Structures are given as C-alpha cells and as structure tokens.
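The opening residue of the sequence shown carries number 1460 in our numbering; numbering runs sequentially from there.
Where a beta carbon is used, it is the ideal one built from N, C-alpha and C, also for glycine.
It should be emphasised that the depicted structure is a prediction, and the values quoted were computed from it without experimental measurement.
Following: one structure in structure tokens, then a few remarks.
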Amino acid sequence: MSDFINTYNNRKHEIQNFIIFMEYIENTEVNGSDSKLHGFIHSPDNNLTYQSLINTLKSNFSLMLYNILEYTVSGLLDELYTEISINKLSYIDVSEKIQTIWHKVNLNDANKNSAGFDTLLAKSKYILDSVINKNTITLSPRDTITGGNLDDKALIKIFDSHGIAFTKNNFRSDILGNIKTTRNELAHGSVSFADALESSSISDLKEKSKIMINFLDDLIQSVKSYTNDQKYKKDKKD
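Right under this line is the structure:
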C-alpha cells in the first residue's frame, strides 16, 4: 500500500498548496501586497477580473477535492482486490460479501438488454467452472464504482457491500454531495467555472477540504484494519 499512500499524500499536499495560493491571491486583492499581480488583474488591457479569477480557482479546487476522493476509493479497492489475488483466493475462500460482489460483476453482461440466452449460459458456465476449479477470483474498481457518482450514499453502499465499516466522525453528507454535484455540473458544462462556486468563500472551501481529508484519512485506516484482519476471507466477521 506504500505506493498508494505516497500518491495520496502528494495529492493532499497539492490541495494544501492550492489553498495557500488562493489565499495569496485574495490577500493581494485586499491589500495590494503584490503590485505586479494586482496590476495585472486590474489591467485595462485584459478582460480578467479578480472575481472571475478567484471563482475559477475555487471551481478547480472543488474538482481537486472530488479527484482525491475518487482516487482514494478506487485505490483502496484496488489494494483490497490485489490482496485477494496475491493470496490466490477462490470463491469458496472469500467472505460472503466478496462472493456476492464477484457474482454480480460476472453477471453484468447477462443483465444487459442486448444479452440473450447464449450469453447467460456462457456466464453461468464460467461462474460454475471457476467455483468448482477453485480459480483465483479477480476484481477491479472499475467493476464496483461508477466514476463521477461518489457521494455519501454511494460510499456507504460501496463499503458496506464489501463488509467494511468506517468511522463517521468526519463523514459529512452535505460536503460530499456538494462536491459531487459541482464536479458533474462542471464536467457536463451546465455551469461555468466562473459561476459554480461564486457564493463560496475560500475559508469555506478550506474548512470543507479539511473535513473531507480527515474523513479520507479515517477511511484509509478502516480499510487497512479490514485487510490486516483478513476480513475479506471466509469465516471472518464482517
């Protein structure tokens, strides 16, 4: 998990540095402490305004928060699935919850509207053969999470389905929901970067990021405990 943690920590530092940068821009506007930057922002030769600049930065910052959320969830699941693969665990070796996830993933094609009886038959045979032959099960985060849709409800559903309990000390449904909504609106172009977070202050975003990072730190520890205790194995308590 060391590579994952290193990347996660780098993402956290990027977020912290971006906050410092936005606070610097804000301070420059209020106090004119950087004459060159202040002069550039208010230059008659461009159409840039302080408000449009800072609002665009706030929108980009919100995307950074969603990205670290999605990276963390995907990375933690990938670490778990790699652990299962390394230990060469078959269907009968893993917990009932992991069995259910693997079963659902392998029936996805048969659940599509275009899938017919032949597809269902092939999938059923593959599943039966895998179980009987005790093949190592494989899973991918792409199979179990949907990009762009991570909010409080999605997170609870994902980790509960794996049998992973996480602390709710820093779990804020409103913050997670707002970050997801803003991300999707910006991604789909239904709101501009200059307008998306116009009513949010830098201090508000700073506090939200602190709470969300604390939640992600807690989540990482919860998944570490889950994997260290091998709760993904059969006969282990979820």
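If the five residues before and after D1537 are omitted, its C-beta is found closer than 6 Å to the C-beta atoms of P1600, all from its own chain and listed in chain order.
Comparing C-alpha distances from T1686 to each of H1562, E1485, F1625, K1584 shows the shortest one belongs to F1625. Rounded to whole angstroms, the gap between the alpha carbons of T1508 and G1498 is 11 Å. According to the DSSP assignment, E1542 belongs to the alpha helix (DSSP H) that extends over 1509 to 1545. In the DSSP assignment, the residues bridged to K1692 are V1553. Taking all protein chains in view, the Cβ of V1682 is crowded by 16 or more other Cβ atoms within 10 Å, so the residue is classified as buried. The criterion of a C-beta distance shorter than 8 Å is satisfied by L1524 and M1671. A contact is defined here as three or more CB-CB pairs under 8 Å, and the stretch 1473 to 1485 fails this definition with respect to the stretch 1613 to 1627. Classified as exposed, G1607 has fewer than 16 neighbouring CB atoms from the shown chains inside 10 Å of its CB. Counting along the chain, D1504 sits inside no alpha helix (DSSP H), nor does DSSP assign it H or E at all. The C-beta of Y1585 has fewer than 16 other C-beta atoms within 10 Å across all chains shown, which makes the residue exposed. Per DSSP, reduced to three states, the secondary structure at T1595 is strand. Separation of G1636 and I1591 (C-alpha to C-alpha, rounded to the nearest whole angstrom) is 43 Å. Within the same chain, and ignoring the five residues on either side of E1644 in sequence, the residues whose Cβ sits closer than 7 Å to its Cβ are V1650, A1655. Taking 8 Å as the cut-off, the beta carbon of R1642 is found closer than this to the beta carbon of S1521. The beta carbon of Y1550 sits closer than 7 Å to those of Q1558, W1561, S1589, V1590, I1596, all from its chain and outside the five residues before and after it, given in chain order. Take the alpha-carbon of D1694 and the one of N1565: they are about 23 Å apart.
A1646 carries a helical assignment under DSSP once its states are collapsed to helix, strand and coil. Counting only the Cα atoms, T1541 lies some 25 Å from D1611. In the three-state reduction of the DSSP assignment, N1465 falls in the helix class, which pools H, G and I.
For L1656, the three-state secondary structure derived from DSSP is coil.
Inclusion of L1675 and T1466 in the CB contact set at 8 Å is not warranted, their separation being larger than that value. Taken through DSSP and simplified to helix, strand or coil, M1481 comes out as helix.
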